[in-house]
Each structure stands twice: as structure tokens, then as C-alpha cells.
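Trainee:
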Amino acid sequence: MPVTRRRFAALLTVLTAGTTGVLSVLSVASGQQTAAGAAQEKNPTVVQPASVTSGSVVQVVAHPDDDLFFMNPDLSRSLSSGTQVTTAYLTSGESDGRNEAHGDAAKDPEQPADRAHYAEARQNGIRSAYAQMATGDRTSAWRRTVVTTAGGGRAEVDVLIAKPQVNLVWLMLREARTTGEDTPESLRGLWNGRIPALESQLTTGTPVKQGFSYTKDQLIQAIAGVLEQYRPTTIRMQDPTPGRYGENGRFTDHQDHMYGARFVQAATAAYAQQVQRRPHFSVQSYLGYHNSTLPHSLDPQTAETKTGYLRTYAWQDHQDYCGSPSGCGDRKVAGNPTGRNWAQSLRYTRADNASWLTEGTPGRLWAFTVLDGRMAYWTRDAGGAWEKPVFLPGTGIDPGATAARLPDGRVAVLATRTVLGPAVPDYRREVVYAVQVAPDGPFGSWQSLGTPEKGDDDGTSAISAPAVGVDGRGLLTVYLRDSRRTLRATAQQPDGGFSPWQRLGGEDLQSDPVAAVDSAGRRHVYATTTTSVLAWTQAGADGPLRGPSPTGLPATTVPLTASPDGAGVRLYFRRPDSGVVRTAVVTAGPATRPQVSSVTEAGGRAGYGAVGAAGRHVAGRADSGTVSTSGLGGPPAWAESRMLFAGAPAAVREPDGTTTTTVLGLDAELHTSTTPATPTRPTWHRATR
């Protein structure tokens, strides 16, 4: 059931008791927007102010420290910017109940297991780390209260007194207590119907004094209630489809991460349906344990700062600064605060590509993103004016969009869709697409291309976002990485139907494939591996796709961007342990293998995530986390903005030589920048008022 008005009012009273911080932040921001809007209504020539970080973030993770390992530095950037940030923890993370670093047990082999005390120590460590990230003082005080959830249980809510826009919500359910073994008393067992309800695991110091349990529907409603309370514009979650590896088919991630994320998927769908008057929201999902097998994506300084917060959480100095008999942090992490190479990376599992902006008819641009589980698009007319977003019918669309222009100027958009279904076996991901019925016209309904997976239980629906190629007849070929980390394709036939999913080979493919067409009409498809990049290319525009071919390119941090460059396709990627943007041109032709140029480095400091590129213009996430721009061979630093964002930027080079770049802010609004042919420092603005 949705949060009642009485529960909502009670929770709001608790959160703001003794302080008006949260309400003040919201009302001031609202007032500024209203004033700016009023000024523009009176004077249409008023220049829209430059974009800065705004919005509200809610993170939902399975365990205390999942946010520190897998969502940082996005988390610390959001906190330092003053953004309203709330993190909800589904389980208490009680594990075996022993708060000891590696080797400590040998010093005290008689130490008894105490799950309630260990879970409390983890809470203490999280509060210290958040206080340090938000205020610089790990001892900054918190107000701890208890509230009733929309699922009928109870939760602890902690408000950072010095920065009341920072909240922690502890749902305190029992964790699986094993990474992958089939334990019925777990989020996995609750999702799959192995148990009727999952019991709570209270911590020693919590103000919640009475245990409770949740059915599957009750937990979904409890999470949806948190979303309704905080009204996020950005939701961060873990990966619901991490895949399997090895002959025994083990998950590549902790089962609590995976099934906790599925509960978040269901809760965001319920929230979007039940609460009509709310801000739009985007969703960003993060890679978990699989980071340990991939090259580091963060530069050393950023990784060290991230590790410092983990040291605080781990109570590595063992000083008693919190006054808790349970301890001031998670000593299990103290022996290795970087985890299994987790602290050196951050990766998104959806919406980390630059293919969501495309040209349509001359002068018109189309930008696609997923808001509220629906595909939204903004369009810009030939005069440069952006229109407010329009939503395609249909829900369940996963974060990330791929757009393509057809020869007649129509636009196609592709995505994956998660089907939750009434029964457990109904859960699956499938590829869907929609095409305009006429140039500049409305879009037709979503069409499903299905999935190359037999079912969720076989591969946990771990398919990538789609890449697409368009031939001279306007027929689509869709490319996909499957759960076995090989490339698949389905080709549109002249009658409009699609072929069965074909196997194109490759192995160890990571992230999403990318596709582009060179000036000779030859199709290129690329995919990263753990150590290099594989290519599939055509010898001629009408020839078959050949590959996989090795490119000899060095290892990357995984995300790729591809754009036409003369007779070839230019690839953009980041250097491991640095984040500096690299680029190379690949040329296809009669030779068995494509020709690859030497690798050069674009101007710009470290950063992470995919980049948007058009011509000599590059936009991406700088090491500060803000959207920033540079140029090939340009100045040795990013031209940084003050805006944090979700996903990756996308860029288009206009016929007059200017470059238009778009990004989705944490406020779930489209922001744009126009760079002239002779680059200057860009200014970002909201596309629409």
C-alpha cells in the first residue's frame, strides 16, 4: 500500500524535528526557479542562468559499505556539492557477527559471534564516513529516530545534524550471510517465494526495539515509501542482472546485491505508478564485484580519496571516538580497505553510452533518456529551440537509450525492457524498439525483439544495451552482448520482421557494444574485452560483417564511444589507472583485418565513464565528477562545469561547424551546451524552462 498522509506527515515531522534544513533547501531551490521563470516570462530576452548541480539523490543498497565500494566517488561528489542525499540499506549486513580484521581471530579465538553488535559497528562506520564526506569531520553528530514504513515494519532514520539534507535509512532485514549459496532466509529467497516473509535483524544501538518481517509485497512498498518520502530526481541502485561465470554458473556478484536491486526495480515501478504528483526521476545502476576482474577505472588520487573514506568506515585507526560498545566501524574491511580492487573503480551497468542523441531531418535533434521507467525524448527544431519532453507509452524501460537516423530522416530508438511479471519465472529483459511513423512525426508503439537468452534462470538476463546499424534501405541490425559475453545480432528483413538472434562470436566481452558507419557505408561494431578491443567490420557496404578481429588496442576502462571519421571510425576510450581519454581510428577495407592507427591522448585530465564526441570535441566526466569538455589536441585540462550528471554526455556536430552537447543532470532535466567551431569555454543551460 502507498504511504498514507498520516505516515508521511509523521515521518516528515521526525526528519525535520529541531531543524528546518531539508525544507529550507527545497523551498529555496523552488523559489529560485520560480523567480527565474517569472523573470523570463516578463522579459523573454533574459539569458537562462548557467546549470549547476541540483536535484535529490536516493541510493538503495543491500549492505552497509556497498555505497562506499561501488557508488563512490559519485556519492562523495554529491555530498560535497550540497545535494540532498539519502541512502537506504536493505539489510543489516550482520554476516557471521565477528567484527575483526583479517588475522584478528588468531589473537582472540574465543571472541563470540554477536550479529547485533557487529551490525551496529557497521552502522557506526557508515555514519562516520558520511559525516567525513559531507562535513570533513567524522565525529559530526547524527539524530537517530524510528519511523513506521509503508510496508508495515519499522526503520531507523539518521539525520546529519550539521547537514540535515544527508539522511540514512536502515531497513535492517536479515542478510543472506553467504555470497552465493542458496539460503532461503534471504532477499533471494523472499523474491523467489522460498519463504513467505523475511525477518528483521536489529542492531544493538538502534531506536527500533521491536522486530518485524516483510512479505515480498511489503518490502516493495517499504522501499517505494522511502522514495515517496524523499522524492528523488536520481535513484542509484545495484545491478539486478550481473550474470554468471564459470562452469558452475556462480553469480558474478553477491546475491543480496542482485536480488536487492530487483526489489528496487519493483519499488521504483510501484512508486512511479502510485505517486502521480512527484518530480521525474532517472535511475543509475552500478557494477559490483565484477570490478575486481577489470582494469582500474579511477586515477590514483581519486582512488586514494575513496579508500580514505573506506578506512574511516573500517575503523582502521581503532581509536574510540564514537563511544559505542559495539565499535566504531567494520573491522572486516580494516585489513583490506580497497576490497578486491573495488576501491580503484566505479562503473555503470546501464546508461553509460553516448548514442542517445541523434539528428533527424536537417537542423532537428532528438535526445532520448529514461525517466520514471518510460522513454522520454526532447526535440530541438531548426531554429535552436528545445521542446519539453514527450513520453512514449509503456513502462519498464531500463536506463539507457540508443538512437539512430534512418535515410529518410525518421528516427528509431532502442532500449531494453525489464518484465517483472506476476510470477517469479516471468522476470526477464528483452530488447525493444520504436520508430517514427514519418519524419518529425510521432513514434509508433514499442516492438519487442525478445532476447537471445533462454530465460532469467539461465543467464540472469545479463544482456547489454543494444547497438544498432542502419543500411541504405533503412533496415536495422541490432547488436547485443549476451550473458555468455559473446556478440549476438538480429537483422531486419524487407518485410519489417527480424531474423533469429545470430551468433557473431567473440569472448570476454564487457559493457555495451558500439556501432558506427564510415563514409563508404561500411558498418563497424566494436566491443571491449578485459585486455583489448574486438572489431567486426565490412569489406564493402553490401558485404557480410567479418569478425571478431583483434585490433591490438590496449586495455581500456571498458566504455567505448565510436563516431565516423573520414574513411574510418574513431574510437574513444579511457586509459586504466588514469582515466585520460584516448583515441584511435580504425579503417576497414579489403584486408582481412581492419587497420588501426596509433593511439593518441586527447586533452584533459583524468575522469571516468563514457565520453561523448563529435568532430574534435570531447565531453565527459572529469575527476571532479562534473560534466566537462576538451578537444583532441586541445588544452591539457578539461573545461569543467559545476554540474554533476547521470549517464554519459552525447554530442552532435552541426553543419555550420558548431557542436551541440547534451547531458542529463541529477535534476532529471536535459542540459545542453553549444560550442562554436573555434572552441571557447562552454556554458551549460537547461534545455527547457
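Quick note, the sequence shown lines up with residues -24 to -1, 1 to 665 if you use mature numbering (1 follows the signal peptide of the UniProt record, and there is no 0).
Every residue, glycine too, gets a C-beta built ideally from N, C-alpha and C.
(1) How close, in whole Å, do the beta carbons of valine 387 and arginine 393 come, if the pair is a contact with beta carbons under 8 Å?
(2) Since glutamate 520 contacts leucine 510 with CB under 8 Å, what's their CB separation in whole angstroms?
(3) For the alpha helix (DSSP H) that contains glutamine 260, what are its first and last residues?
(4) Within this structure, are the beta carbons of histidine 233 and glycine 201 separated by less than 7 Å?
(5) Going along the chain, which unbroken runs of the alpha helix (DSSP H) with 4 or more residues stay wholly within the region 204 to 243?
(6) Which residue's Cα is closest to the Cα of tyrosine 65: Val133, Ala578, Glu630 and Pro476?
(7) Roughly how many angstroms lie between the CA atoms of leucine 456 and serine 424, to the nearest whole one?
(8) Do you know how far the Cα of threonine 121 is from the Cα of aspartate 328?
(9) Please report the residue range of the alpha helix (DSSP H) in which glutamate 630 lies.
(10) Work out the CA separation of glycine 481 and tryptophan 422 for me, nearest whole Å.
(11) Should leucine 136 and tryptophan 118 be called a contact, given that it needs their Cβ atoms to be closer than 7 Å?
(12) Does proline 535 come out as helix, strand or coil in the three-state DSSP assignment?
(13) Nearest to aspartate 518 by alpha carbon, out of His500, Lys192, Glu175 and Ser273?
(14) Here's a check: name, in chain order, each residue in its chain whose Cβ is nearer than 8 Å to the Cβ of proline 470, leaving out the five neighbours to either side.
(15) As an exercise, report each continuous alpha helix (DSSP H) stretch of at least 4 residues that is fully enclosed by the region 140 to 178, in chain order.
(16) Using the C-alpha atoms, what's the distance from threonine 505 back to alanine 531?
(17) Inspect the beta-carbon positions of valine 594 and proline 625 and report whether they are closer than 7 Å.
(18) Between which residues of its own chain and threonine 314 is the CB-CB distance below 6 Å, once the five residues before and five after are set aside?
(19) Using the Cα positions of serine 574 and valine 408, report the straight-line distance between them to the nearest angstrom.
(20) Kindly indicate which three-state DSSP category serine 104 falls into: helix, strand or coil?
(21) Alpha carbon to alpha carbon, what distance is there between leucine 620 and residue 745?
(22) Within a Cβ cutoff of 7 Å, which residues of the same chain sit near glutamate 630, ignoring the five residues on either side of it in sequence?
(23) Contact between the region 401 to 421 and the region 256 to 263: three or more CB pairs below 8 Å?
(24) By how many angstroms is the C-alpha of threonine 115 removed from the C-alpha of tryptophan 332?
(25) Considering just the uninterrupted stretch of the beta strand (DSSP E) at phenylalanine 46, what are its terminal residues?
(26) Classify alanine 595 as helix, strand or coil using the three-state DSSP reduction.
(27) Counting pairs of beta carbons, one from the region 22 to 35 and one from the region 202 to 210, are three or more of them closer than 8 Å?
(28) Threonine 179 to glutamine 486, Cα distance in whole Å?
(29) Which same chain residues end up closer than 7 Å to phenylalanine 474 when comparing Cβ atoms and leaving out the 5 residues on each side of it in sequence?
(30) From which residue to which residue does the beta strand (DSSP E) around glycine 445 run?
(31) Quick check on DSSP: helix, strand or coil for aspartate 134?
(32) Between the Cα of arginine 522 and those of Gly565, Leu174 and Gln197, spot the shortest distance and give me the residue it belongs to.
(33) With respect to the beta strand (DSSP E) encompassing leucine 382, which residues constitute its N-terminal and C-terminal limits?
(34) Serine 68 to leucine 203, Cα distance in whole Å?
(35) Are there 16 or more other CB atoms within 10 angstroms of the CB of threonine 648, so buried, or fewer, so exposed?
(36) Note down the Cα distance separating glutamine 60 from asparagine 168, rounded to an integer number of angstroms.
Mentor: Once the coordinates are examined:
(1) In this structure, valine 387 and arginine 393 do not form a Cβ contact; the two beta carbons are roughly 19 Å apart against a cut-off of 8 Å.
(2) The amino acid at residue 520 is misidentified as glutamate; the sequence shows proline. In fact, because the Cβ distance is near 17 Å, the residues do not count as touching under 8 Å.
(3) Here glutamine 260 belongs to no alpha helix (DSSP H); instead the beta strand (DSSP E) covers 258 to 262.
(4) no
(5) none
(6) Val133
(7) 14 Å
(8) Looking at the two C-alpha atoms, the distance is approximately 37 Å.
(9) That residue, glutamate 630, is in no alpha helix (DSSP H); it is neither H nor E in DSSP.
(10) 28 Å
(11) yes
(12) In the structure shown, the three-state DSSP call for proline 535 is coil.
(13) His500
(14) Arg449 and Leu451
(15) Listed in chain order, they are 163 to 167.
(16) 8 Å
(17) no
(18) Thr283
(19) 37 Å
(20) helix
(21) What is shown of the chain runs -24 to 665, which leaves residue 745 out entirely.
(22) Non-local C-beta neighbours of glutamate 630 in its own chain, meaning closer than 7 Å and more than five positions away in sequence, comprise Thr636, ordered along the chain.
(23) no
(24) 43 Å
(25) Segment 42 to 46 is the alpha helix (DSSP H) holding phenylalanine 46; no beta strand (DSSP E) there.
(26) DSSP places alanine 595 within a strand segment (E or B) once states are collapsed to three.
(27) yes
(28) 39 Å
(29) Leu425, Thr466, Ala467 and Gln468
(30) Start and end: 443 to 446.
(31) Under the three-state reduction of DSSP, aspartate 134 is assigned to strand.
(32) Gly565
(33) Careful: leucine 382 lies outside any beta strand (DSSP E) and carries neither H nor E.
(34) 20 Å
(35) Taking all protein chains in view, the Cβ of threonine 648 is crowded by 16 or more other Cβ atoms within 10 Å, so the residue is classified as buried.
(36) 34 Å
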